[in-house]
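Asks: The sequence shown runs 0 to 1178 under numbering that gives the first Met the number 0. C-beta: ideal position from N, C-alpha, C; glycine also. Take this structure, written in structure tokens, and hold onto it; I'll ask about it next.
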Amino acid sequence: MTLAGSLSLRLLLALTTMASGLNIPLEVEQPPTIITYTSGPIIVLHFDTAITVKCKARGNPPPEYRWEKDGQAFVPPNFQTIRANQTKGLLVLQSEDMSEFEGKYRCYASNKLGTAMTNEIEIKAFSIPKFPKETLSPIVVSEGEPITLKCNPPEGVAPRLIYWMTVDLQHIEQNERVSMGTDGNLYFSNALKNDSRQDYGCFAAFNRIRTIVQKNAMVVVVKRLKPANDSSESSHTPVAPPARIPSLLLPSGVQTEKVLLKGEDLQLECIPEGFPTPSVKWMKMGEVMSPRVKFNNYNKLLSLSAVEESDEGKYMCTAENSAGKAVHYFDVIVEEPPKWLTEPPQSQLTVIGSDVHIKCSVSGKPQPAITWRRNGVMFRDDPDKRMQVFDDTVILFNAKAEDSGVYQCEASNRHGNILANVNIVIMNMAPLILTENNQEYAAVVGKEITMNCSVFSSPPSSISWTKDEKAIEGEGFLAFESGQSLKIINAEKGDSGKYICVASNMEGSSAVTAVLDVKDATKIVGPPQNTQVDSGKLAKLMCKTEYDASLQDTFELVWRKENKEIPLSSEKNSRYSVKGAMLEIMNVNLSDQGTYTCTARTSLDEDSATAVLTVRDVPDAPIKLDLSELDSPRNVVLSWIPGSDHNSTVTEFVVEYEENRWEPGRWKELQRVTGNQATAELKLYGNLNYQFRVYAVNAIGPGPPSEPTERHKTPPAAPDRNPENIKIQGHHPHQMEISWEPLSPVERNGPGFEYKVKYRQLGVEDSFTEHMVNRSVFLVNNTPTFVPYEIKILSRNSYGWGPEPKPVTGYSGEDVPTAAPRDIAVEVINTTVLRVSWTPVPPATVRGRLGGYNVHWVRRRSLLNPDKILDLSHSMSFSGNRSHVIVPGLEPFSEYKLTVYVFNKKGNGPKSDPVTFNTPEGVPEQVTVLTSSIIQRDSVRLEWAQPSKSNGILTGYLLQYHLINETALEVIDSKEINITGADTNHWTLQGLKGDSLYRFDLRACTRAGCGPPQAEESRTDFPEPGAASQESSFSTHGWMIGTMCAVALLTLVVVIACFLRKNKGGKYAGTPSPQRQEKLAMEKVKEKEEPHSDTESQKMNDDTFCDYSDSDEKPLKGGSLCSLKGDDATGDSVSRYTLGDYADGGREFNEDGSFIGEYSGHRHRGSVSEPNGPSLVNV
């Protein structure tokens, strides 16, 4: 938007303002103006006891009210009249007899500037309608003469309906001869003898007041005509009435003038009399009858709804019979009540000294007469000629302020009148701004905003708008209502600020300020997305919004479904909930499907977005199932019309059946068809009474079943198939059991169902042995052992046999084998694996299906301890017919005995002759325990326990040790030593490099080779001078004392070293792993089991110092104190450093103990895991 300083918006009103634009504020004095009043006529019913007539006007000063009745001031005596306050006129009339208030009323509203008046308000009071009491003489006529039965119904509240009935409420039959006129009378064109009766009754019904009144019954006597030559009273010879020329019973005379108002309904009626009964015809003289004309009451009534001027003219009715005719003319005249040609005269505001023209343009037929009033008083020309009346126009010349008032123009003719109140206000007045000063307006970016500057003045004011002392300019600004409103078409943030409206005329000027604040628009930045959800699940619709922060208090997010707001309840059972910007619908169903709209709304604007929620549910049940036969009642076609798939394609239809013979009420699946099919060809069983139903299946699940079909009965027939899944078993050597899967009852197709079992020995017997059975199992006795039979099972019922079955081959019962394998040979492949071979048994001796061979062996003794008998049995079964097998899992260096036998389903055959053999020596298992202890800077003592299984005669040990580069994790140097002597359990290595890491691999050996290595890691350390060799022997008591002193000294050294270690830390400090502790425990057990172990080693263990843990806060407490007992030395040999500390990857050892992939890998290596506890110091 832009501002310019040269252009101001100045819009001038004409000097005279018509009422359509005349809206004098109540702050300004003005004559009364009628706002609303009760229009007539007012119908008062007989049971009403009070009526209220309203009259309301506005003016300044507030008007006062008075009433006139029939042109006279109305002050009802002896009745209550309630008058409202000074701004409302209210007339309340109360009486037990409201007919006293019948008449025409006017309301007058007056203040010091004039009087306004209403049109006439007519009050009509109706009493209870009654027929007058009267005595009616019988009507006596001769046959052929006309009759008129007069009703003369009472007046009452419309609508009024007339009926002619008998006293027992039977309607009088009406036809071309007898009919009722619009006046309510009953007319007979000619009388007949059977028209005589005593109870002609006229009934008047007033539906609005629910009242029916009845006139006294009338008597009609019709005399029979006599022959001209017969004067007897008792003659019964019928005589026809003479022909008579028609005349009109209604209307009378020759011509009728019919005057009615435009828009009313025209009714012209001709009811003739004569004999024979005349017929009636209509025509419009000189013109074609309007197509809107209708004829009723046997052509006696011409009706034309909503007449127009074109319907005027002369109409003629003709009544004609064989004797002649009669006519009647109707002059139809269409007139109008007064009406305004364009609109009523408008009120005017003008300045003093101007001329005022009041024109009252009306039309009507006859032409209305115009009456002029001023403040309710009629007037004519003013004597001083300042006011002149020209029929429908009044002119005020050089109008003055005292000429102000309410001028009434009333136009009337015989059909009614119309009245207009014209307020004439003559004044000069400076601008009065009605809009509040500093009124605040709020708008949003991109929307319209209108600021008001309502002004009243006389003459009209020139209005201009400015902002920042500059006139407003640009296409984005629009002034309307003579500048009293300024609209900004597309508001921007820069439009915020103060706007000044200035109104001025020749009497003065006035100004007002408007404050505009343009805010950010409300937007939906994340509209809800079209969503599919399964029935019963949770549906979520997200609606993310942005809005001006200052409108936080007025912001709301409203959700609608199909433009109807969704009720959000805090009750627990409500399925709808809103969590922030998300609408959640719990347990959705099909009724939740539709279009959802989220509306983000503030007090200034709103934004909406929609999404479609599609609910997927199980399909509806199919409908209109139809069953038709194909070539027989057992071959039918079932068709259906699928139901709604509920937004998930039907994948298949399932046809179910129920029969009431075997399992009534139980539905079973019969057939499935694809989802694009709506028919199924069904093959049915015989002798059943079926009904069918169908259900559909989609991705959500199966839908409900359809309504069942009518019952369909199938005739009995022979079985369609024979039993299946025939099994032949021999539980005993001379028996054969035949069993099969029986036919279900519905498959039997008829009564008298049973099975025929046929069997014969294959290749031996020519004919079948047959048996009829009712069960699904049959036992054949006295059969040879395990011979083949050919078997057939047939189905039959009273209507025939099933199809010819295919034979099934089976065997009779088995027996245990009779022969043992021969020529058993054993080939030792290695220390634990054999190859066993034999000659298979002859097939005839198996006496059943060959199961396989079983190899059984017994470990008699270990060759290491031949005097101890073990007799440990083992066996392995090998299925199928074979002559050799590989047998694993033997123990090395042992003596075995082995046999072989064959087996079948019945059992095992005899064992073969046993074969005795020995297994050779094998390599030993791993050394169970390997520990290391540091003796000197360059010496390490290794101790171990023998392997748990030597698998031969131990010949000694192979020791390999490797110097490790701790930085590169590589082996720098490797050496090995062969240690002879099976009983050796320790070894001391000297000449090692000080303060270095070594890895030791120890293998036990037999004549067959060396076993897998046991690894240990250790670091050489402690280069203290003068340390005594741990291999020295304490031979004298003096040396023991000296040693104890040395131990005391070393205790102090250990404590100091522990503190140094604690401060220094170290990657390899810690306690032994659980595996190492277990090995140490085994070593102690080994020591107890071998009391004659090396004395020198025992002495060394006694001298070994205990460890100290730096994990305690008080290092001298508990375990920190050393013991001199040998039992405390279990942890001395645990190394503080392991190769695993240097490894990161998963690496393993080869069987020879060497590292795979150099020195990388997991730290779980060798015999000790990485220490994870406090540092351990060994002395």
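Grab me the residues of P732's own chain with a C-beta within less than 6 angstroms of its C-beta, minus the 5 sequence neighbours each way, in chain order.
Replies: T784, G812 and D814.
Asks: Does the distance from the CB of L612 to the CB of T544 come in under 8 angstroms?
Replies: Against a cut-off of 8 angstroms, the Cβ pair of T544 and L612 comes out as no contact.
Asks: Closest by CA to R209, which one among L761, G155 and P913?
Replies: Closest by alpha carbon: G155.
Asks: Are L624 and W639 close, meaning C-beta to C-beta below 8 angstroms?
Replies: A contact, by the Cβ cut-off of 8 angstroms.
Asks: If A216 and V166 are in contact, beta carbons under 8 angstroms, what's the gap, nearest whole angstrom?
Replies: That belief holds up - the Cβ atoms of A216 and V166 are roughly 6 angstroms apart, short of 8 angstroms.
Asks: Going by Cα to Cα distance, which pick from S534, A548, T512 and D972 is closest to D519?
Replies: The candidate whose alpha carbon is nearest that of D519 is A548.
Asks: Take every Cβ of the segment 903-912, pair it with every Cβ of the segment 921-930, and state whether three or more of those distances are shorter than 8 angstroms.
Replies: Result no; under three Cβ-Cβ pairs closer than 8 angstroms.
Asks: Using 8 angstroms for Cβ pairs, my map puts L862 next to S882. What's the rounded Cβ distance?
Replies: That belief does not hold up - the Cβ atoms of L862 and S882 are roughly 30 angstroms apart, past 8 angstroms.
Asks: Please state the DSSP three-state secondary structure of D402.
Replies: Three-state result, D402: helix.
Asks: Would you kindly report the start and end of the unbroken beta strand (DSSP E) that includes C500?
Replies: Element bounds for C500: G496 to N504.
Asks: If R159 sits next to T276, beta carbons under 8 angstroms apart, how far is it from one beta carbon to the other, in whole angstroms?
Replies: Actually they do not touch by this definition, with Cβ atoms about 29 angstroms apart.
Asks: What is the residue span of the beta strand (DSSP E) that R834 lies within?
Replies: Start and end: L833 to T838.
Asks: Quick one: Cα of P741 to Cα of N586, how far?
Replies: Roughly 47 angstroms between the two C-alpha positions.
Asks: What does the Cβ neighbour count give for I34, buried or exposed, with the cut at 16 atoms within 10 Å?
Replies: Exposed, because fewer than 16 other Cβ atoms sit within 10 Å of the Cβ of I34.
Asks: V221 and D182: beta carbons closer than 8 angstroms?
Replies: Not a contact, by the Cβ cut-off of 8 angstroms.
Asks: Can you give, in chain order, each stretch of the beta strand (DSSP E) that sits fully within the segment 779-841 and has at least 3 residues?
Replies: Complete beta strand (DSSP E) runs here, min 3: 787-796, 807-810, 821-827 and 833-838.
Asks: Do Q483 and N451 have their C-beta atoms within less than 8 angstroms of each other?
Replies: Yes, these two residues count as a Cβ contact at 8 angstroms.
Asks: Report buried or exposed for F202, applying the criterion of at least 16 other Cβ atoms within 10 angstroms of its Cβ.
Replies: F202 should be labelled buried.
Asks: Assuming S647 and R615 form a contact by the criterion Cβ under 8 angstroms, report the distance between their Cβ atoms to the nearest whole angstrom.
Replies: The pair is a contact, with the Cβ atoms about 4 angstroms apart (cut-off 8 angstroms).
Asks: When you compare each of N118, Q197 and C150 to P137 by their alpha carbons, which one comes out closest?
Replies: Looking at the Cα atoms, Q197 is the closest of the given residues.
Asks: Run through DSSP, which three-state label would S456 get?
Replies: Strand.
Asks: Does the segment 111-123 touch the segment 26-44, meaning 3 or more C-beta pairs lie closer than 8 angstroms?
Replies: Contact between the segment 26-44 and the segment 111-123 is present, because at least three Cβ pairs lie under 8 angstroms.
Asks: On a Cα-Cα basis, can you pick out the residue from E561, V617, S353 and R574 that is closest to G593?
Replies: For the residues E561, V617, S353 and R574, the minimum Cα distance to G593 belongs to E561.
Asks: Could you name the residues that DSSP lists as bridge partners for V653?
Replies: In DSSP, V653 forms a bridge with R671 and Y694.
Asks: Would you list the one or two residues that DSSP bridges to Q932?
Replies: Residue identity differs from the one stated: residue 932 is Ser in this sequence, not Gln. The partner list for S932 (beta bridge, DSSP) reads R940.
Asks: I'd like to know whether the C-beta atoms of G88 and C54 end up nearer to each other than 8 angstroms.
Replies: Contact flag set, yes.
Asks: According to DSSP, is N151 part of a helix, a strand, or is it coil?
Replies: Residue state, collapsed to three classes: coil.
Asks: Pull up the distance between the alpha-carbon of E651 and that of P663, whole angstroms please.
Replies: Looking at the two C-alpha atoms, the distance is approximately 26 angstroms.
Asks: Among residues of its own chain, excluding the 5 on either side of N374, which ones have a beta-carbon nearer than 6 angstroms to its beta-carbon?
Replies: Contacts found: G113, T114, G404 and V405.
Asks: Does the count of Cβ pairs from the segment 417-424 and the segment 494-513 closer than 8 angstroms reach three?
Replies: Judged by Cβ distances under 8 angstroms, the segment 417-424 makes no contact with the segment 494-513, as fewer than three pairs qualify.
Asks: When burial is assigned at 16 or more other CB atoms within 10 Å of the CB, is K299 buried or exposed?
Replies: Label assigned to K299: buried.
Asks: Taking one C-beta from the segment 602-611 and one from the segment 435-447 each time, how about it: are there three or more such pairs within less than 8 angstroms?
Replies: The segment 602-611 vs the segment 435-447: in contact.
Asks: Just how far apart, CA to CA, sit S289 and G415?
Replies: Going from the Cα of S289 to the Cα of G415 covers about 28 angstroms.
Asks: Of the choices D354, P337, I885 and C269, whose alpha-carbon is the least far from that of C316?
Replies: C316 has its Cα closest to that of C269, out of D354, P337, I885 and C269.
Asks: How many angstroms separate the CA atom of Q387 from the CA atom of V355?
Replies: Rounded to whole angstroms, Q387 to V355 spans 11 angstroms at the Cα level.
Asks: To the nearest angstrom, report how far apart D765 and R759 are at their CA atoms.
Replies: So the two alpha carbons sit approximately 7 angstroms from each other.
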